[in-house]
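In this text, residue positions in the first sequence follow full-length UniProt numbering: the first is 1, and each later residue adds one.
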Amino acid sequence: MRRNEDKFPDNGFEAWGGYMHAKISKLEEQFSARAGTEETLSNIFNGVSIYVNGFTVPSADELKVLMSKHGGVYHVYQRSDDYIIASNLPDTKVKNMNLAKVVKPQWIVESLAANRLLDYRDYLLYGTSRTQKQINFRKIIKENDSLANDIKFNDTKQEQDLSEIHKTINEPNTTTSDQKPSKERLDNATSLDCQEILKQNLGAVTKTAADPEFIAEFYKNSRLHHISQLGACFKQHINELRENSNFQFPAREQLKEIILASNNFKNLSQLKFEKNKIIMHIDMDCFFVSVGLRNRPDLKGKPVAVTHSKGGQGRSKRPGVDRDTEFNLYKQNKAKKLGITTGISHDEIKIENRVDDIDEEDSKYGSMSEIASCSYEARAKGLSNGMFMGSALRLCPDLQTIPYDFDGYKEVAYTLYNTIAQYSLDIEAVSCDEMYLDCTELLSDMNVNVQGFATILREEIKAKTGCPCSTGFGGNRLQARLATKKAKPDGQFFLTEDLVEDFMYDIKLRDLPGVGSQTAYKLESLGHITCGSLQTLTLASLKSHLGNKTGAQLFEQCRGRDPNPLTFHTVRKSVSAEVNYGIRFENNYQCLEFLKQLSAEVHSRMHQFKAMGKCITLKLMVRAKDAPVETAKFLGHGYCDVINKSVSLQTATNDLEVITKEVILLCKKQNIDPTEMRGIGIQVTKLDYVTSRPTVGAINKFLFNNKIPKAKIKSEIKAELVETDQRNNPTTPTKSKVSTSPKKSPIISIKSPTIRKRGRPSKSLRQPSNNLMNKFLQGQNVGRDVPYKDPMIRAVVKEEVERKVEQSQTPRGLLGLPWNKVRALLRAWLDSGETPLQCDVVMIIDYLQEMVINKNIEKLQVLMNFLRRTTRDTGSVAWLEVYNRISEEVQNAMVAVYGKKLYISN
DNA sequence: ATCCTCCCCTAC
DNA sequence: TAAGGTAGGGGAGGAT
Numbered sequence: 001m002r003r004n005e006d007k008f009p010d011n012g013f014e015a016w017g018g019y020m021h022a023k024i025s026k027l028e029e030q031f032s033a034r035a036g037t038e039e040t041l042s043n044i045f046n047g048v049s050i051y052v053n054g055f056t057v058p059s060a061d062e063l064k065v066l067m068s069k070h071g072g073v074y075h076v077y078q079r080s081d082d083y084i085i086a087s088n089l090p091d092t093k094v095k096n097m098n099l100a101k102v103v104k105p106q107w108i109v110e111s112l113a114a115n116r117l118l119d120y121r122d123y124l125l126y127g128t129s130r131t132q133k134q135i136n137f138r139k140i141i142k143e144n145d146s147l148a149n150d151i152k153f154n155d156t157k158q159e160q161d162l163s164e165i166h167k168t169i170n171e172p173n174t175t176t177s178d179q180k181p182s183k184e185r186l187d188n189a190t191s192l193d194c195q196e197i198l199k200q201n202l203g204a205v206t207k208t209a210a211d212p213e214f215i216a217e218f219y220k221n222s223r224l225h226h227i228s229q230l231g232a233c234f235k236q237h238i239n240e241l242r243e244n245s246n247f248q249f250p251a252r253e254q255l256k257e258i259i260l261a262s263n264n265f266k267n268l269s270q271l272k273f274e275k276n277k278i279i280m281h282i283d284m285d286c287f288f289v290s291v292g293l294r295n296r297p298d299l300k301g302k303p304v305a306v307t308h309s310k311g312g313q314g315r316s317k318r319p320g321v322d323r324d325t326e327f328n329l330y331k332q333n334k335a336k337k338l339g340i341t342t343g344i345s346h347d348e349i350k351i352e353n354r355v356d357d358i359d360e361e362d363s364k365y366g367s368m369s370e371i372a373s374c375s376y377e378a379r380a381k382g383l384s385n386g387m388f389m390g391s392a393l394r395l396c397p398d399l400q401t402i403p404y405d406f407d408g409y410k411e412v413a414y415t416l417y418n419t420i421a422q423y424s425l426d427i428e429a430v431s432c433d434e435m436y437l438d439c440t441e442l443l444s445d446m447n448v449n450v451q452g453f454a455t456i457l458r459e460e461i462k463a464k465t466g467c468p469c470s471t472g473f474g475g476n477r478l479q480a481r482l483a484t485k486k487a488k489p490d491g492q493f494f495l496t497e498d499l500v501e502d503f504m505y506d507i508k509l510r511d512l513p514g515v516g517s518q519t520a521y522k523l524e525s526l527g528h529i530t531c532g533s534l535q536t537l538t539l540a541s542l543k544s545h546l547g548n549k550t551g552a553q554l555f556e557q558c559r560g561r562d563p564n565p566l567t568f569h570t571v572r573k574s575v576s577a578e579v580n581y582g583i584r585f586e587n588n589y590q591c592l593e594f595l596k597q598l599s600a601e602v603h604s605r606m607h608q609f610k611a612m613g614k615c616i617t618l619k620l621m622v623r624a625k626d627a628p629v630e631t632a633k634f635l636g637h638g639y640c641d642v643i644n645k646s647v648s649l650q651t652a653t654n655d656l657e658v659i660t661k662e663v664i665l666l667c668k669k670q671n672i673d674p675t676e677m678r679g680i681g682i683q684v685t686k687l688d689y690v691t692s693r694p695t696v697g698a699i700n701k702f703l704f705n706n707k708i709p710k711a712k713i714k715s716e717i718k719a720e721l722v723e724t725d726q727r728n729n730p731t732t733p734t735k736s737k738v739s740t741s742p743k744k745s746p747i748i749s750i751k752s753p754t755i756r757k758r759g760r761p762s763k764s765l766r767q768p769s770n771n772l773m774n775k776f777l778q779g780q781n782v783g784r785d786v787p788y789k790d791p792m793i794r795a796v797v798k799e800e801v802e803r804k805v806e807q808s809q810t811p812r813g814l815l816g817l818p819w820n821k822v823r824a825l826l827r828a829w830l831d832s833g834e835t836p837l838q839c840d841v842v843m844i845i846d847y848l849q850e851m852v853i854n855k856n857i858e859k860l861q862v863l864m865n866f867l868r869r870t871t872r873d874t875g876s877v878a879w880l881e882v883y884n885r886i887s888e889e890v891q892n893a894m895v896a897v898y899g900k901k902l903y904i905s906n
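Following this line, the structure appears as structure tokens:
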């Protein structure tokens with residue numbers, strides 16, 4: 001029995017042990033009861049279980065009946081081995097699901113028609129057909145055509161080449177066992193393409209970054225890449241759920257009913273009203289392992305690790321490898337740094353720790369594959385995530401390894417998030433397997449106590465995903481998180497207010513979020529290991545040792561306090577891609593090609609997030625002077641110097657050519673021998689957001705070709721902001737010329753959702769408070785009788801203004817241009833006869849709304865009249881639509897600002 | 001004072 | 001063999 005349960009003896013929730021099972025079996029009982037009334041007609045679907053996702057034809061109910069009549073199983077909750085029947089899935093779902101078993105309902109229908117179970121793979125919703133592999137094979141050739149300058153394939157030629165390649169591959173004695181295939185083989189190949197294909201299919205050559213397929217291959221296998229991508233993905237998912245939700249949660253009602261219906265559960269009702277906030281932290285237990293064990297129940301209870309390595313001995317030593325020298329460099333560097341400053345890089349400590357774990361002789365040639373996740377049984381033997389397999393095997397010779405299952409992680413994470421989302425959307429996504437939930441409102445609404453809710457939720461998650469999780473509760477995010485740590489594995493813990501002080505006293509500083517090895521080391525050298533001990537330090541002292549912010553944060557944290565609220569909506573601030581593995585160039589050409597590819601990767605991500613950026617940073621890892629050329633870890637980066645160089649553009653861009661050009665320029669400036677490079681990264685910051693395709697619209701072209709002096713724009717924007725700020729601060733006298741109703745002005749910088757639902761600025765303004773704003777604006781007839789006296793609203797206003805000031809440091813779109821210039825631009829745009837682009841329209845709307853907000857009504861009238869006349873003159877329907885939309889949005893802005901539409905005279 | 005660049009640190 | 005990514009917070013120190 002875990003300690004935390006001892007602290008909370010019988011409060012009835014043990015009875016919940018079977019809650020999910022009860023719920024599921026009840027639903028399934030109903031199903032079989034109903035199904036049982038019909039006789040079984042066939043056994044076509046014997047051994048097949050389905051889960052229906054969304055609207056289908058036949059409907060879920062019909063499918064249910066069909067399954068039961070023909071020997072199959074219908075699940076109300078999705079289980080891991082279910083076929084998922086769906087006719088279409090929303091984009092977000094598609095992104096987050098393992099699509100390998102998402103099947104069209106036709107599969108069922110046609111199987112019935114054929115009176116046998118057809119191959120589901122022919123009915124995959126997003127399927128790659130079974131012949132896909134061959135198609136890909138040809139595609140490689142086509143894609144690489146540009147490289148094969150002189151040789152063009154026609155179809156027949158392709159066939160010949162392919163069969164030749166197959167022949168080559170299949171001849172046993174031609175496969176080389178060396179690191180490289182024999183030179184002659186490559187020279188005999190008919191083209192560069194064939195060489196590539198040969199290399200790939202022989203598997204004899206390991207891909208390095210010089211290979212055009214390397215980035216894709218690397219990312220496909222990189223755990224860190226997946227962790228990072230999934231995390232971002234679920235943050236976005238929550239953003240979207242919140243934007244599209246009506247904040248009704250049917251699961252709550254369901255739960256309430258079950259609670260009411262059952263005597264067993266009555267004592268779960270919340271007896272007292274919890275007046276403080278209750279934050280819940282949910283974290284899956286050793287996530288990767290748990291997901292992997294779903295298919296390997298035989299390994300449950302054993303020490304298990306997820307890794308690329310198969311667990312066998314590492315290969316024999318490669319020539320040139322000198323682990324001692326390399327590890328010593330890390331150690332020396334650490335010592336050197338410690339002598340001069342307390343700062344030590346994360347990486348070195350990480351490596352150093354690993355080195356410490358390794359018995360020199362034993363592990364000199366052990367596998368350097370990293371452990372992504374290990375089970376609690378393995379942890380008991382001293383293993384930890386990130387450890388090398390070599391040292392892990394030494395500590396735990398019977399360690400079982402299982403491979404990665406990235407699709408599985410995604411699927412489970414998706415199920416996890418959607419399960420929680422049935423109860424509340426006050427979720428802060430931390431990563432694919434971890435989140436915070438503000439359940440204050442939820443608990444009082446459902447009239448359930450904390451432990452009861454935790455039990456229900458954990459049961460439900462386990463039932464749906466097959467994976468255990470732990471949850472912690474507390475008055476703030478820090479407490480919730482520490483509670484989870486105590487609860488693990490597969491437990492729950494409520495850190496109540498009265499326990500906090502004692503609880504914090506023994507918490508290790510290293511266990512505080514934000515305190516990593518470096519900070520912990522510094523604190524340790526100050527003589528502090530635990531929170532209790534650190535509480536004796538003064539705020540000033542902490543600040544002087546760790547910096548202002550970090551010091552202040554730690555001061556609060558070691559007392560169990562955490563002023564940071566949950567953030568439900570996230571706005572991305574940078575986009576980057578980096579590869580520090582497999583970087584081995586032979587010449588400048590390969591390096592350049594790689595830079596181009598990596599730029600394309602960043603560009604495509606920017607495109608995906610609709611982001612434009614102003615600042616481009618290139619990060620290079622270069623072999624340090626004394627480091628061995630051959631790294632200890634196969635194709636690793638080894639001991640390196642790191643260089644960061646950035647360039648600030650005048651205008652935000654999402655243009656691939658611009659990015660590539662700047663990146664190459666930055667790289668060339670460093671003048672580094674490409675053969676010494678070990679890692680490359682590209683980051684884009686100072687983001688702006690667009691709604692359009694990255695197509696350069698007419699206005700963008702205009703802006704791009706007519707570079708506006710930075711200083712000028714900056715000063716104009718600053719002036720504008722000062723003005724806005726003043727108007728929005730009730731205590732500051734307003735300077736507006738057209739002040740129709742001064743008391744209403746504070747609300748105006750908040751653009752109503754209808755005004756700001758598109759366009760880049762809306763993104764930055766759409767913050768957690770937006771929901772509040774939404775409700776407020778919808779419920780209150782904005783502009784009539786402005787209730788900004790409400791302190792809550794005022795706080796929101798202030799927040800929005802501050803954010804606006806912060807976001808508007810950079811000029812964007814048309815803002816900052818004089819109105820007559822915009823008029824000229826509009827004319828040129830209309831005259832050009834080009835189809836209006838969404839991004840341009842949004843920019844115009846932004847500009848005009850800005851005029852409304854600035855009460856620049858006269859100039860606005862001129863522009864609107866001009867726009868109306870010229871639109872009429874063009875006689876274009878597309879333009880008429882554009883005009884109508886612009887007009888509508890401007891009117892909306894007027895309602896928000898003045899409380900009424902101002903009709904612009906002709 | 002405030003901003004910018006180049007780091008470092010942390011988290012998953 | 002092996003797949004050492006990525007985003008955000010923050011600090012030091014120089015430029016303005």
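For every residue, glycine included, the Cβ atom is placed at its ideal position computed from N, Cα and C.
For V684, the number of other beta carbons within 10 angstroms of its own is at least 16, and it is reported as buried. Between the beta-carbon of I672 and that of V622 there is about 6 Å, and that keeps the pair under the 8 Å contact cut. The region 413 to 479 contains, as complete alpha helix (DSSP H) runs of 4+ residues, the segments 440 to 446, 450 to 465 (chain order). DSSP links M677 through a beta bridge to V622. Within the DSSP bridge table, the entry for G613 names T653, L687 as partners. For F494, the enclosing beta strand (DSSP E) begins and ends at 492 to 494. The straight-line gap separating the alpha-carbon atoms of G472 and I456 is approximately 14 Å. Nearest to K462 by alpha-carbon distance, out of F218, L293, P674, is L293. Boundaries of the alpha helix (DSSP H) harbouring Q553: 548 to 557, taken from the DSSP string. Classified as buried, D426 has 16 or more neighbouring CB atoms from the shown chains inside 10 Å of its CB.
In its chain, beyond the 5 residues on either side, K277, I278 have a beta carbon closer than 6 Å to the beta carbon of T440.
Only buried fits K207, as 16 or more other CB atoms lie within 10 angstroms of its CB. Counting of Cβ neighbours within 10 angstroms places F247 among the exposed residues, the total staying below 16.
The residues V103, K104, Q106, W107, E110, in chain order, have a CB closer than 8 Å to that of Y123 in the same chain once the five nearest residues on each side in sequence are set aside. Ranked by how close their Cα comes to the Cα of L880, the residues S887, V430, T871 have T871 in first place. Counted as a single uninterrupted DSSP element, the beta strand (DSSP E) harbouring Y51 occupies residues 49 to 52.
If you keep only unbroken alpha helix (DSSP H) runs of at least 4 residues inside the region 501 to 553, you get 517 to 525, 531 to 534, 539 to 546. Of the other Cβ atoms in all chains shown, fewer than 16 fall within 10 Å of the Cβ of Q254; this residue is therefore exposed. DSSP, reduced to helix, strand and coil, places F288 within a helical segment of the structure shown. Annotation for I85: the continuous beta strand (DSSP E) segment containing it runs 83 to 85. Annotated three-state conformation of T871 is helix, per DSSP. In the same chain as N587, and ignoring 5 residues on each side of it, the C-beta atoms closer than 7 Å to its own belong to P674, in chain order. In the DSSP assignment, Y74 falls outside any alpha helix (DSSP H) and lies within the beta strand (DSSP E) extending over 73 to 75. In this structure, C667 places its C-beta atom within 9 Å of the C-beta atom of L618. Minimum Cα-Cα distance from T651 among the listed residues K310, A232, K686 corresponds to K686. Assignment of F388 by DSSP, reduced to helix, strand and coil, places it in the strand class. Distance check between M504 and each of G474, Q518, K488, D490 places G474 closest, using alpha-carbon atoms only. Each of L478, K486, R477 was checked against the Cα of S470, and the nearest Cα belongs to K486. In terms of CA proximity to K310, A392 leads the group K625, A392, L112. In this structure, DSSP gives M67 a helical state, which the three-state scheme calls helix. C-alpha of Y436 to C-alpha of I227: approximately 18 Å in a straight line. Ranked by Cα distance from L592, the first of T660, G560, I529, S444 is T660.
In the three-state scheme derived from DSSP, where H, G and I count as helix and E and B as strand, T567 is classed as coil.
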